[in-house]
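Before any comments, here is the structure.
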């Protein structure tokens with residue numbers, strides 16, 4: 001616990017000084033872009049690329065901490081981790097893979113509607129039709145996603161078996177905190193890329209179909225989130241930790 005708390009404070013401080021101000025600036029940039037009457041997927045794509053780059057940086061920054069903390073796990077804790085992975089697999093499969101194709105499609109549409117409603121408020125029938133059309137076009141990637149996650153978890157559990165050997169453990173852990181796309185089967189990689197294009201097109205279309213009240217709702221959400229990040233960017237690590245519910 002003491003090691004975790006000290007390393008968490010250091011990482012929050014790093015995050016506060018680096019990414020958090022960038023989050024606020026990016027939201028302000030998005031706000032400016034979305035003041036236009038229409039946008040297209042190509043204009044939204046750079047925001048996704050930026051977010052993915054941030055995620056990769058966070059993983060790289062966390063790797064040394066994770067290596068130290070994981071090396072200190074007891075055998076009992078590793079057993080608990082293995083059980084948690086198995087439980088997560090069952091829960092994810094129930095949420096994303098169980099049921100008929102029609103049931104999975106309906107659930108996917110519902111999840112996307114819920115996500116978009118946070119930003120736009122109540123969706124129009126035309127927007128909901130567009131979401132349904134998007135879902136029907138998607139390449140099936142759920143099984144491959146679950147398989148890749150299981151592969152990663154298995155590799156982590158295997159690495160933990162050599163945690164007493166610092167050099168061997170470091171060599172096993174470092175690749176697990178690097179981008180994983182290189183380990184994806186070609187069909188899965190292609191499916192993810194296709195779905196990415198379809199989803200960016202969906203987001204552009206939902207915005208272009210948005211009436212004035214939805215755009216005002218979106219503006220308020222973007223402004224509020226940007227202001228929240230701006231207030232965190234100058235926070236001391238302890239305050240930032242409290243704000244994030246840590």
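Numbering (my numbering), first residue to last: 1 to 246.
Using N, Cα and C, we set each Cβ at its ideal position, and we do this for glycine too.
From 8, 213 and 11, residue whose alpha carbon lies closest to that of residue 123
Your numbering for residue 123 matches position 123 in the chain shown. Per the Cα distances, 213.
Is the distance from the Cβ of residue 127 to the Cβ of residue 39 below 8 Å?
Within the chain shown, residue 127 is the residue found at index 127, counting from 1. Within the chain shown, residue 39 is the residue found at index 39, counting from 1. The answer is no: Cβ separation not under 8 Å.
Please name the residue in 29, 196, 2 and 14 whose C-alpha comes closest to that of residue 219.
Residue mapping note: residue 219 aligns to position 219 of the chain shown, counting from 1. Measuring from the Cα of residue 219, the nearest candidate turns out to be 29.
Mind checking which residues open and close the alpha helix (DSSP H) that includes residue 19?
Along the chain shown, read from residue 1 onward, the residue named residue 19 stands at position 19. Looking at the DSSP string, the run of the alpha helix (DSSP H) that includes residue 19 is 19-33.
Residue 73 and residue 198 - do their beta-carbons sit closer together than 8 Å?
Along the chain shown, read from residue 1 onward, the residue named residue 198 stands at position 198. Along the chain shown, read from residue 1 onward, the residue named residue 73 stands at position 73. Cβ atoms of residue 198 and residue 73: not closer than 8 Å.
With DSSP as the reference, label residue 184 as helix, strand or coil.
As a position in the chain shown, residue 184 is number 184, starting the count at 1. Here residue 184 sits in coil by DSSP.
Counting Cβ pairs, one atom from each stretch, are 3 or more of them under 8 Å apart for the segment 220-230 and the segment 139-147?
Result no; under three Cβ-Cβ pairs closer than 8 Å.
Taking residue 179 as the reference, which of 11, 194, 55 and 103 has the closest Cα?
Taking the chain shown and counting its residues from 1, the one referred to as residue 179 is at position 179. Ranking the options by Cα distance to residue 179, first place goes to 55.
Cutoff 8 Å: residue 65 Cβ touching any chain D Cβ
Although the question refers to chain D, the structure presented lacks it and comprises just one protein chain.
In three-state terms, what does DSSP make of residue 157?
Your numbering for residue 157 matches position 157 in the chain shown. Residue state, collapsed to three classes: helix.
C-beta atoms of residue 134 and residue 202 nearer than 8 Å
Numbered from its first residue, the chain shown carries residue 134 at position 134. Numbered from its first residue, the chain shown carries residue 202 at position 202. Yes.
Under 8 Å between C-beta atoms of residue 146 and residue 196
Here residue 146 refers to the residue found at position 146 when the chain shown is read from its first residue. Here residue 196 refers to the residue found at position 196 when the chain shown is read from its first residue. The answer is no: Cβ separation not under 8 Å.
Between 157, 106 and 116, which has its C-alpha nearest residue 84's C-alpha?
Along the chain shown, one-based indexing puts residue 84 at 84. When 157, 106 and 116 are compared, the shortest CA-CA separation from residue 84 is found for 157.
Mark residue 36 as exposed unless 16 or more other C-beta atoms lie within 10 angstroms of its C-beta, in which case mark it buried.
Locating residue 36 in the chain shown gives position 36, counting from the first residue. Counting Cβ neighbours within 10 Å, residue 36 comes out exposed, since fewer than 16 surround it.
Less than 6 Å between C-beta atoms, sequence neighbours within five positions excluded: which residues of the same chain meet that for residue 287?
One cannot answer for residue 287 here, as it falls past the ends of the chain, which runs 1 to 246.
What's the gap between the Cα of residue 107 and the Cα of residue 170?
Translated into positions along the chain shown, residue 107 becomes position 107. Translated into positions along the chain shown, residue 170 becomes position 170. Rounded to the nearest angstrom, the two C-alpha atoms are 40 Å apart.
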